[in-house]
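Visitor: These protein sequence lines map, in sequence, to chains A and B.
Number 33 in our numbering belongs to position 33 of the first sequence; there are no gaps in the numbering.
Number 613 in our numbering belongs to position 254 of the second sequence; there are no gaps in the numbering.
Backbone N, C-alpha and C fix where the C-beta goes; we use that ideal spot for every residue, glycine too.
Because the structure is a prediction, the values reported are computed rather than measured.
Mind looking over this structure? Questions follow.
Number of protein chains: 2
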Amino acid sequence: MESAIDQHLKCPRTLSRRVPDDYQPPFAMWVGRAGEDLQQVVMAYLGVQYLGEARKPAALAALQRIVASFGLSDGPLHHDLTHHTDDSGHDNLIAVGYWRDPAAYCRWMRSSDVEQWWSADARLHEDLGYFREVVAPRAEQFETLYAFRERLPGVGAVMDASSGEIEEHGYWGSMRDRFPISQNDWMAPDGELRIVSGDPAKGGRVVVAGHDNLTLIRSGQDWAQADAQERSLYLDEILPTLQAGMDFLRDQGAALGCYSNRFVRNIDLQGNPLDTSYNIGHWRSVEKLERWAESHPTHLRIFVTFFRVAAGLRDLRLYHEVSVSDGREQRFEYINCHPRTGMLRDATPSCTPQSGGAR
Amino acid sequence: MESAIDQHLKCPRTLSRRVPDDYQPPFAMWVGRAGEDLQQVVMAYLGVQYLGEARKPAALAALQRIVASFGLSDGPLHHDLTHHTDDSGHDNLIAVGYWRDPAAYCRWMRSSDVEQWWSADARLHEDLGYFREVVAPRAEQFETLYAFRERLPGVGAVMDASSGEIEEHGYWGSMRDRFPISQNDWMAPDGELRIVSGDPAKGGRVVVAGHDNLTLIRSGQDWAQADAQERSLYLDEILPTLQAGMDFLRDQGAALGCYSNRFVRNIDLQGNPLDTSYNIGHWRSVEKLERWAESHPTHLRIFVTFFRVAAGLRDLRLYHEVSVSDGREQRFEYINCHPRTGMLRDATPSCTPQSGGAR
């Protein structure tokens, strides 16, 4: 048994863990490990938005173009593709790329192919929406949790290995306790979402500035290799409740501090659904996420089911990754997206001009 | 809004609260307040055990005798009476007395009437069992929580007043955070339950020694003044799940660190049931209690229901009090009780003779 906080990220505590040193979790879970050279990662959610099936081929072509750009020098080390329909009835395709070197991400993002495509006036006249939602948490600002040890998805794919069994899981508050920065930082949110450029109601280009400790959770499910019994466990027992919880957050999350919630299905490059999915949740703070997770009936029911079956899971792969980041290490940009997209819904006009994010 | 930890019990922290300073609970709750003169309380659960209805009159008479002894000099400031049938099919009557001055309790317990009655050989030959389960937590070693402000039951009845709305509730871990001692103490259990005198299998007199930070929870319900709607909320919605959870702890709690669990119904001095009840749970530690409370389906369901209705409760009175105490401030004594009674079930024979508790 080992701490979720890697040795080189340990530091003298000013804040205590929630559980005593001899706490024993009720089943095994693992986290991703990376060497000290991993100092900061980049998670870039690059989206294409369209309304109506007729626009799907154009949207898929745009997604394919983004994926092709990943092959350029300094592209992400790992990516995956998803589809979801949002609360306004728009479809969205997202390619999420992961870098373990923010300098490489920066070179890629500023490369002429990527930069010129995004900046081109043509983007404004395609009957498609585009967005970039990028956060760059430092090593002490994210945590992971896997019910398995092989082929880690998401940020785990750019880390080096799986840990041994970790201590900090199986209790409310363990998510916070797995963040290295929680040893001496409350991860308090600083500021609000602000529109720093453009007007969501008018479409066109809009830039939103985030704030310190804005929280991003990716919480995933992979039933591709599961046998009939585990598929049924997921599809019949877990999914309906999960769907209800995620719909609730999508539709009523604003009052709770959930800026955006997208339950997405993985797809291949041709848009065919795969048997993996995840939820992408943006929150005002870890605390707001904690409060929801530990009090909402849907999440409590999922938690109970997971507790019951966790020790016996074989090929149903459940996991999450949660990060906070500095406001200056966030980038939220939109082109012709409807005004409830991503951070647009909860962002308020800013009175002071500011740069719209990092890098 | 104020802290559950009273001003005079605040001290510099070495352990942090689970939630940030600006945490806002989702509805109002209150705690008991007492002046600095309240330094330690005594909670004495004095029981009579009988098997079969034929013994009920004798048992009731014994209970009445105990209650009469409360009227002696230095008796408890407050008491109530309960009945429950245990997992072995025995009936049990308990009079619980509360003192806010342990010296008074001590004088009462050592008074000749009380002492001689308990010590008399006649107690061994009555076809009744007796027990005394007494803990004496200091002011920093207990916490309370009430969904109401008037006529506080239990330990609240020997305190001075109700607080204003308190901050530390509505999240997992708030129980711990309400304990003043949690500011710099994990409340770790020290040792095991040990039989220090007698043999439970043989009946007769048995003394069990507790251990530091053994945890006692009294968690109560009072629907006596509730209108039809709130009675139905309690009796139809909450009670079935509560009963299932309490039965689970009674029957399968040992593996989880629950030494004893008794869901008791208040009675009057003639044994007639009242519309109030509570659960008496003895645990190895606050941590074990936390782990159960925040993971067991029955408790999570009650929690969800309570969250939903809490803000609107009028006359359905829900509350709890939780204490830890030093091993030397505990007393567990049994006469002719069956071997699954109270602390007897989980106590193991001791190799070293020791005093069997405090005072």
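Exposed or buried, what is residue 82 of chain A when buried is set at 16 or more other beta-carbons lying within 10 Å of its beta-carbon?
Guide: It counts as buried.
Visitor: At the 8 Å Cβ level, is residue 563 of chain B part of the contact set with chain A, yes or no?
Guide: It does not; no Cβ of chain A falls within 8 Å.
Visitor: At 4 residues or longer, what runs of the alpha helix (DSSP H) sit wholly inside the region 390–471 of chain B?
Guide: Complete alpha helix (DSSP H) runs here, min 4: 415–429 and 461–469.
Visitor: For the region 182–201 of chain A against the region 18–37 of chain A, do three or more pairs of beta-carbon atoms, one drawn from each stretch, fall closer than 8 Å, so that the two count as touching?
Guide: Because the criterion of three Cβ pairs below 8 Å is not met, the region 182–201 of chain A and the region 18–37 of chain A do not touch.
Visitor: Relative to the C-alpha of residue 720 of chain B, which candidate in B/637, B/397, B/651 and B/617 has its C-alpha closest?
Guide: The structure shown has nothing for residue 720 of chain B, since chain B only spans 360 to 718.
Visitor: Which residues in the same chain have their Cβ closer than 8 Å to the Cβ of residue 673 of chain B, if we skip the five residues on either side of it in sequence?
Guide: Only 585, 586 and 589 meet the Cβ criterion.
Visitor: Check whether the Cβ of residue 716 of chain B lies closer than 8 Å to any Cβ atom in chain A.
Guide: Since pLDDT at residue 716 of chain B reaches only 41, below the 50 mark, its modelled position is unreliable, and the value read off the structure follows with that caveat. It does not: the Cβ of residue 716 of chain B has no partner Cβ on chain A nearer than 8 Å.
Visitor: Taking beta-carbon pairs under 9 Å, can you tell me which members of the region 638–661 of chain B lie near chain C?
Guide: Here chain C cannot be found, since the structure's protein chains are A and B.
Visitor: Would you list the one or two residues that DSSP bridges to residue 325 of chain A?
Guide: Bridge partners of residue 325 of chain A: A/214.
Visitor: Please state whether DSSP places residue 477 of chain B in a helix, a strand or coil.
Guide: DSSP places residue 477 of chain B in helix when its eight states are reduced to three.
Visitor: Tell me the rounded alpha-carbon separation between residue 356 of chain A and residue 244 of chain A.
Guide: Caution applies to residue 356 of chain A, whose pLDDT of 42 falls short of 50 and renders its modelled position unreliable; the value that the coordinates give is listed next. Straight-line Cα distance between these residues: approximately 34 Å.
Visitor: State yes or no: is the C-beta of residue 484 of chain B nearer than 7 Å to some heavy atom of the ligand FMN?
Guide: With respect to the ligand FMN, the structure shown offers nothing to examine, as it has no ligands at all.
Visitor: Are the CB atoms of residue 218 of chain A and residue 130 of chain A nearer to each other than 8 Å?
Guide: Their beta carbons are not under 8 Å apart, which means residue 218 of chain A does not touch residue 130 of chain A by this criterion.
Visitor: Any Cβ of chain B within less than 8 Å of the Cβ of residue 18 of chain A?
Guide: Yes, residue 18 of chain A counts as interfacial toward chain B.
Visitor: Can you pull the chain B residues whose beta carbon is under 7 Å from the beta carbon of residue 223 of chain A, in chain order?
Guide: The premise fails here: residue 223 of chain A is roughly 23 Å from chain B at the closest Cβ pair, so nothing lies under 7 Å.
Visitor: In whole angstroms, what is the alpha-carbon distance linking residue 364 of chain B and residue 502 of chain B?
Guide: Answer to the nearest angstrom: the Cα atoms are 8 Å apart.
Visitor: For the alpha helix (DSSP H) that contains residue 303 of chain A, what are its first and last residues?
Guide: It spans 297–309 - the alpha helix (DSSP H) in which residue 303 of chain A sits, taken as one unbroken run.
Visitor: Applying a beta-carbon distance threshold of less than 7 Å, which residues of chain B neighbour residue 304 of chain A?
Guide: Ordered by position in chain B, the residues that pass the 7 Å Cβ test against residue 304 of chain A are 656 and 659.
Visitor: Which of the three DSSP states is assigned to residue 169 of chain A in this structure?
Guide: It is coil, neither helix nor strand.
Visitor: Select from the region 606–626 of chain B all residues with a C-beta closer than 8 Å to any C-beta belonging to chain A, and list them in chain order.
Guide: Flagged: no residues at all.
Visitor: Quick check: the Cα distance between residue 340 of chain A and residue 331 of chain A, rounded to an integer number of angstroms?
Guide: The alpha-carbon atoms of residue 340 of chain A and residue 331 of chain A are separated by roughly 17 Å.
Visitor: Measure from the alpha carbon of residue 286 of chain A to the alpha carbon of each residue in B/375, B/379, B/520 and B/369, then state which is nearest.
Guide: Residue B/379 is the option with its Cα nearest to residue 286 of chain A.
Visitor: Do residue 676 of chain B and residue 520 of chain B have their CB atoms nearer than 8 Å?
Guide: Cβ atoms of residue 676 of chain B and residue 520 of chain B: not closer than 8 Å.
Visitor: Spell out whether any CB of chain A is found under 8 Å from the CB atom of residue 462 of chain B.
Guide: Not an interface residue.
Visitor: Among the candidates B/439, B/414, B/413 and B/412, whose CA atom is the shortest distance from the CA of residue 425 of chain B?
Guide: Comparing Cα-Cα distances from residue 425 of chain B to each of B/439, B/414, B/413 and B/412, the minimum goes to B/439.
Visitor: To the nearest angstrom, report how far apart residue 254 of chain A and residue 260 of chain A are at their CA atoms.
Guide: For residue 254 of chain A and residue 260 of chain A, the distance between alpha carbons rounds to 8 Å.
Visitor: Please look up how many angstroms separate the CB atoms of residue 282 of chain A and residue 343 of chain A, rounded, as I've assumed it's under 8 Å.
Guide: That pair is a contact at about 7 Å.
Visitor: Kindly identify the DSSP beta-bridge partner or partners of residue 199 of chain A.
Guide: Looking at the DSSP assignment, residue 199 of chain A forms a beta bridge with A/203.
Visitor: Taking Cβ positions only, does residue 172 of chain A come closer than 8 Å to chain B?
Guide: At least one chain B Cβ lies under 8 Å of residue 172 of chain A.
Visitor: Alpha carbons only, please: which of B/382, B/631 and B/705 is nearest the one belonging to residue 525 of chain B?
Guide: Selected option, being the one with the closest Cα: B/382.
Visitor: Which residues in chain A sit within 9 Å of residue 386 of chain B, going by Cβ to Cβ distance?
Guide: Those within 9 Å of residue 386 of chain B in chain A number zero; the least Cβ separation is about 11 Å.
Visitor: Determine which residues of the region 392–408 of chain B have a Cβ less than 7 Å from any Cβ of chain A, and write them out in chain order.
Guide: Correct list: empty, as no residue qualifies.
Visitor: Roughly how many whole angstroms lie between the Cα atoms of residue 394 of chain B and residue 649 of chain B?
Guide: Each residue's Cα considered, the two are about 29 Å apart.
Visitor: Check whether the Cβ of residue 538 of chain B lies closer than 8 Å to any Cβ atom in chain A.
Guide: Chain A, which has no Cβ nearer than 8 Å to the Cβ of residue 538 of chain B, makes this no.
Visitor: Nearest-angstrom Cα distance between residue 482 of chain B and residue 694 of chain B?
Guide: In a straight line, the C-alpha of residue 482 of chain B is about 7 Å away from that of residue 694 of chain B.
Visitor: For the region 418–436 of chain B, list every residue whose C-beta sits within 9 Å of some C-beta in chain A, in sequence order.
Guide: The residues in question: there are none.
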